[in-house]
Every structure is written in structure tokens, then in C-alpha cells.
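For what it's worth, this note's numbering labels the leading residue of the sequence shown as 971, then goes sequentially. Just so you know, even glycine gets a beta-carbon here, dropped at the ideal spot from N, CA and C. Just below is one structure, and these are the notes that go with it.
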Amino acid sequence: NGIIVGLLLFQPASRWPAMLAAGFVGELTARLLHGDALPLSVNNAIANVLEIVLIAGAIRRRVPDITDPARLFALAATATGSTLVACAVSALVACGFATLATGRAFADNLLIWYTAHVIGMVIVATMVVVARRERAGLLGRPGKHLDFALCAFALLGICAVVFLQARLPILFLVLAPLLLLTFRHGFAGVVSGVTVIAIAAS
């Protein structure tokens, strides 16, 4: 969902239907190949497309040009608000149907769907937008690639120390190299650092 939202924000509205249809067909196919039941697969695909449309539509309506630095606060506020609302709507659609069709626990499914989609949207959609805007700059400014790589590897090393053990409460240690990456490399450092942490944590 985050990938499609990030891509839609750089496309004219005339291309949205084709991209949404491709996303729907792609997810439906993946779910069916995984062995999910057809009704549940169709419902989940609809819920995901609804989430994408609500978020991308709200951002496009409020901030037509997401590359305008003067609208950064409006972009952040709109993206945050629409994500919280859209993920709740998609969770209700997906989990409500799943409860009726399979008898699964509604509250547990709702919490899992909602948190996963909010976190995924925040991390992945932001990464796609920044990667689309910055392109090679996502890996550091020209002449700073080695420094960027060293900071990223420092973060990755701390993540390994933190996430490969469960005895010590040292999660806070990832903040120091993340701040280093942020202060030395700006917004690209934030996005890349958060992505590294998300992958390592997973």
C-alpha cells in the first residue's frame, strides 16, 4: 500500500485507475496463490485499495505539489491524519468480513491490521516519496557516500546488537546512530535510517 501511495502522488489523476487496478490484481493474485479463500482475498484487496485511495486522495486534494518545500507541514499533517483514518477504515472492512466469514477474533485482527498498516504506510510511503524525489541522493549527497555508508553500517551494527538478543532492554541504543545519520545526512538519513531499523527489527 505504501509503495502504491508513494507512486500515485507523482502521477496525474488520469493514471490512477490503471495503477489501482494493477495493485488490486497483484494483491488478489498473490493471496490466491498463497491459498487464501476467494471471498476473503477479494475483500482484503478491496480494503487495501480503499486505504490507498483515501490516503493518496486526501494528500492530492490538500497538497497537489508534494515537492513544494513551503507545504511540508501541510503534507506531514495531511499524510498523518489520512493514514490514521484510512487504516482504521480498511481494518474495519477487512476484519469485519473476516470475523463474519471465518469467526476470527475481531479485536485481535483489527489491532494487528491497523498497527501493521499504519507503521508500514509511514515507513514505506515516506521512503518511496523521498527516493522518488532524491533519487541517488537517498544514499547521501555527492561526495558524502562513504560517510553515509559508514553511518548506515554503524546503525546496522547497533541494530544487530539490539535485536539479536532478548535479555537486555537496550532498544534505546538505536537512537544514537539514527541521530548521527540524521544530523549528517538530513532527510535522506532519516528515511534510510528508519528503513534500516524496520528491516532489522523485522
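If we ignore side chains and look at the alpha-carbon of each, how far apart do residue 1079 and residue 1114 end up? 44 Å
Pick from 1164, 1137, 1066: whose alpha carbon is nearest that of residue 1150? 1164
State the DSSP-derived secondary structure class of residue 946, mapped to helix, strand or coil. The requested residue 946 does not occur in the structure, where the chain is confined to residues 971 to 1172.
Please state if the CB of residue 1025 and the CB of residue 1056 are separated by a distance shorter than 7 Å. yes
CB contact flag (residue 1048, residue 1028, <7 Å): yes
With 16 as the cutoff for other CB atoms within 10 Å, does residue 1099 come out buried or exposed? buried
Measure from the C-beta of residue 1058 to each C-beta in chain C and report whether the shortest distance is under 7 Å. Given the protein chain composition of this structure (a single chain), no chain C is represented.
Classify residue 971 as helix, strand or coil using the three-state DSSP reduction. coil
Do you know how far the Cα of residue 1052 is from the Cα of residue 971? 13 Å
Sequence-distant residues of the same chain with beta carbon closer than 8 Å to residue 1063, five excluded per side: 1013, 1016, 1017, 1020
Between residue 1093 and residue 1129, which are expected to be in contact by the criterion C-beta below 8 Å, what is the C-beta distance as a whole number of angstroms? Their Cβ separation, rounded to whole angstroms, is 15 Å, which puts residue 1093 and residue 1129 out of contact at 8 Å.
What would DSSP say about residue 1037, mapped onto helix, strand or coil? coil
Run the CB neighbour count on residue 1138, radius 10 Å, all protein chains shown included, and call it buried at 16 or more, exposed below. exposed
Determine, using beta carbons only, whether residue 1022 and residue 975 come nearer to each other than 7 Å. yes
Ends of the alpha helix (DSSP H) at residue 1154? 1145-1171
Of the choices 1091, 1116, 1171, 981, whose alpha-carbon is the least far from that of residue 1136? 1171
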